[in-house]
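Residue numbers (the numbering used here): 49 to 307.
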């Protein structure tokens, strides 16, 4: 869609030191060990990578796509869903159908091809784009099946994580826990982040939370960009050292005025 202009998102803390990559080690591993048996075993044994049909140069993307579709079909069958008359149904005869709710038509170019692929599996997914006021009302009341959401993070995660993922927030209308996560392990990890005594502990607890959220399969990760794209007139001077996650325009100066 974007001609490789963006990076596929893999973490809830992507582009930061809090992102969980590889396998857990050090302090993060010690934290997670306390929850063994209460989290998916993959947390300890596999690096999370969202499904994709992207391939290396010269690879067969169509083949990779077919493999992913077959894997999805097998998982659905294991869960009791089978295709009858081109519709995916369960043992009760219920059809697998859901709505993708949005307030921005720009995301239709992403969602509509997605629904076409789901149709091949017998899943009926419909995209519905509504006005912002209706969208806000439905989101505040958790009245949706699937949507597009952004979870912005800071360089120092804290209390806001309760609102993002906490069990109590899942019961509060208008909270940021739109996923509806109610997981005691997640609650405990959030509290470890908030009570961290130093940066090392904060980063380790954040990585542990990230890894548990990844393997919860709550979202289909989209994309992000790790740089600022900016075209500017070369008459301006720019500091050599700037913040990693900010664009301090008020620190620029006119080269002509500085002469």
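Positions of the beta carbon are idealized from the N, C-alpha and C atoms, including for glycine.
Nothing here was measured: the structure is a model prediction, and the numbers come from that model.
For residue 242, three-class secondary structure by DSSP = Three-state result, residue 242: helix.
Excluding sequence positions up to five away, which residues of its chain have a Cβ less than 8 Å from the Cβ of residue 93?
-> 71
Using alpha carbons as the reference points, say which of 116, 272, 110, 85 lies closest to residue 201.
-> 272
Taking the DSSP output, what are the residues bridged to residue 150?
-> 177
Residue range of the beta strand (DSSP E) that residue 136 falls in?
-> 135-137
What are the boundary residues of the alpha helix (DSSP H) that includes residue 260?
-> 247-262
Buried or exposed: which applies to residue 212, given that a residue is buried once 16 or more other Cβ atoms fall within 10 Å of its Cβ?
-> buried
Reducing DSSP to helix, strand and coil, say where residue 132 ends up.
-> strand
Could you tell me the distance, in whole angstroms, from the CA atom of residue 290 to the CA atom of residue 297?
-> 10 Å
Exposed or buried, which one is residue 170 when buried takes at least 16 other CB atoms within 10 Å?
-> When all chains shown are included, residue 170 counts as buried.
Inspect the beta-carbon positions of residue 58 and residue 96 and report whether they are closer than 9 Å.
-> yes
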